[in-house]
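Participant:
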Amino acid sequence: MTALTDWETSLDQPRIINLETIYDNRREEETFTADIAFRDPSAVPSAPLIKAPIYLDYGLRVHIAPTAFLNRPNVTIISVGHSQGVDEYGKRLSNGSDVIIGDYVWIGAGVTILPGIEIGSHSVIGAGSVVTKDVPAFCVAHGNPARVTRKIGDEVVKEPEDIITSLKEALEC
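1 is the number of the first residue of the sequence shown in the UniProt record's numbering; add one for each residue after it.
#1: What whole-angstrom Cβ distance do residue 183 and S83 have, given they're in contact under 8 Å?
#2: Kindly provide the ranges of any alpha helix (DSSP H) runs that are 4 or more residues long and lie completely inside the segment 62 to 101, ordered along the chain.
#3: Specify the secondary structure class of L114 as computed by DSSP and reduced to three states.
#4: Can you list, in chain order, the residues of its chain with a C-beta nearer than 6 Å to that of A68? Leave out the 5 residues immediately preceding and following it.
#5: Evaluate T149 with the Cβ neighbour count: other Cβ atoms within 10 Å of its Cβ, from every protein chain shown; 16 or more gives buried, anything less gives exposed.
#6: So, for G128: in the same chain, excluding its five sequence neighbours on each side, which residues have a beta-carbon less than 8 Å away from its beta-carbon?
#7: Would a C-beta distance cut-off of 7 Å place Y55 and T76 closer than the cut-off?
#8: What does DSSP give as the partner residue(s) for H142 in the beta ladder?
#9: Rank P115, V124, P73 and V99 by C-alpha distance to the C-alpha of G81 and give the top, closest one.
#10: Nearest CA to the CA of V130: which residue from F138, A137 and I119?
#11: What residues in its chain sit with their C-beta under 8 Å from that of T132, if we drop five residues either side in the sequence?
#12: Taking 7 Å as the cut-off, decide whether the C-beta atoms of V99 and S123 are in contact.
#13: Which residues does DSSP pair with V105 in a beta bridge?
#14: Name the DSSP beta bridge partners of L49, please?
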């Protein structure tokens with residue numbers, strides 16, 4: 001996240017960020033990819049796995065855990081809102097709220113996350129969802145607006161090494 005934050009602060013205004021370009025300029029060991037995960041199941045990511053294109057509105061307020069996965073395409077994370085008061089609207093005031101994405105969160109393609117949202121660890125957000133409220137840890141949420149549709153029980157949650165081993169075994173079939 002540091003490289004992205006440093007890069008974004010040099011801009012006058014937020015833009016669509018091509019993370020593949022940014023990550024291509026980083027040292028290989030700083031970027032966690034699916035290839036690394038399959039080669040070494042014990043590898044722990046040092047940066048989130050993000051598939052471009054992605055739009056971060058004021059990325060300084062976006063906090064993504066290094067184990068999170070944002071799937072392509074078109075994930076949008078908005079961390080700035082505007083006043084809804086009639087007397088304040090003409091002033092064009094904006095207010096920022098942090099967006100926090102926890103450990104081992106999976107974000108589907110085309111998801112929009114609004115300001116001030118926290119997505120708890122080990123949660124999954126379905127493709128095309130609009131997240132308007134916090135999502136607790138160990139939950140699956142989807143829809144517009146996104147709603148929690150089920151909780152992920154402890155018996156379902158596996159360690160990352162177990163997940164990768166299961167994937168390898170499935171590919172061998």
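Where a beta carbon is used, it is the ideal one built from N, C-alpha and C, also for glycine.
Facilitator: Short version:
#1: Because the chain here runs from 1 to 173, residue 183 falls outside it and cannot be looked at.
#2: 86 to 89
#3: coil
#4: P48, I101 and V105
#5: When all chains shown are included, T149 counts as exposed.
#6: G108, A109, G110, V111, H142 and N144
#7: yes
#8: R147
#9: P115
#10: Residue I119 is the option with its Cα nearest to V130.
#11: Exclusion of the five residues before and after T132 leaves L114, I117, P145 and A146 as the residues of its chain whose Cβ lies within less than 8 Å of its Cβ.
#12: Going by C-beta atoms, V99 is not nearer than 7 Å to S123.
#13: According to DSSP, which records beta bridges pairwise, V105 is partnered with nothing at all.
#14: L49 is bridged to F69.
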